[in-house]
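Visitor:
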Amino acid sequence: MSDPAPTTFRDRPIEPGEEAPDFTLPAVTTDGSSLEVRLRDLLAKGPVMLVFYQDDGMPVCTSELKAFAQEHELLAEAGVQVFGINTNGIYSHQRFQERDRFPFPLISDFYGEAVKAYGFWDPDEGKSRRGVVVIGEDGTVRFTLPHFNPNSVSAFEEVFRALGLV
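Residue numbering for the sequence shown follows numbering that gives the first Met the number 0, beginning at 0 and increasing consecutively.
1) For residue 1, which residues of its own chain have a beta-carbon under 8 Å away from its beta-carbon, when the five flanking residues on both sides are left out?
2) Quick one: Cα of residue 74 to Cα of residue 18, how far?
3) Beta-carbon separation of residue 67 and residue 47 under 7 Å?
4) Between which two residues does the alpha helix (DSSP H) holding residue 106 run?
5) The alpha helix (DSSP H) that contains residue 91, what's its start and end?
6) How about residue 142 and residue 15: are their beta carbons less than 7 Å apart?
7) Would you tell me roughly how many angstroms separate the C-alpha atoms of residue 62 and residue 140, rounded to the nearest one?
8) Grab me the residues of residue 45's own chain with a C-beta within less than 8 Å of its C-beta, minus the 5 sequence neighbours each way, in chain order.
Right, here's the structure in full:
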């Protein structure tokens, strides 16, 4: 999906048990370097957590990603690969990473193809909504939390319970 192409637009988030749509998109690492990520390649290394957020640098979105950054070591020890994803461009992600240094890559879905395929597109705002999706190594969605609230302890507990970490 690195080029704009027609995609399935979901009007609600993907559900557990469904096959996760594959994608290949650019991402920015903690040090600001770029890489291309393909979901299927990532899944060969273990489960993947996609943290959908609205905008780079916005206070709530920054809090959302920082909360997962604080638990990154625990997630990594459990073999979970974490990725932030939204529709901001690669240069926006580089500035965001330069400022905040998240310990996981930020995926740039500039055309919204993956965001739409996973059901996290906000047509009124023209960007992604907040949410969390956990995908098992077999490519099946294991957990979905739409409208993730980074200020809610119970929301984090729900995510960590789904991963078997609580």
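Even for Gly, the Cβ is constructed at its ideal location relative to N, Cα and C.
Guide: Let me spell this out:
1) The residue given as residue 1 occupies position 2 in the sequence shown. Residue confidence for residue 1 is low, a pLDDT of 44 falling below 50, so the modelled location carries little weight and cannot support an answer.
2) Position 75 of the sequence shown, counting from 1, holds the residue named residue 74. Position 19 of the sequence shown, counting from 1, holds the residue named residue 18. Rounded to whole angstroms, residue 74 to residue 18 spans 22 Å at the Cα level.
3) On the sequence shown, position 68 is the one that residue 67 refers to. On the sequence shown, position 48 is the one that residue 47 refers to. For residue 67 and residue 47, no; Cβs fall outside 7 Å.
4) Here residue 106 is taken as the residue at index 107 of the sequence shown, counted from 1. No alpha helix (DSSP H) holds residue 106; the beta strand (DSSP E) holding it covers 105-107.
5) Residue mapping note: residue 91 aligns to position 92 of the sequence shown, counting from 1. 89-99 is the extent of the alpha helix (DSSP H) around residue 91.
6) Residue 142 sits at position 143 when you count from the first residue of the sequence shown. Residue 15 sits at position 16 when you count from the first residue of the sequence shown. In this structure, residue 15 lies closer than 7 Å to residue 142 by Cβ.
7) The residue you call residue 62 lines up with position 63 of the sequence shown. The residue you call residue 140 lines up with position 141 of the sequence shown. Spanning the two alpha carbons is a distance of roughly 25 Å.
8) As a first step, residue 45 is located in the sequence shown; it is residue number 46 there, counting from the start. Excluding residues within five positions, the ones whose Cβ falls inside 8 Å are 78, 79, 80, 136.
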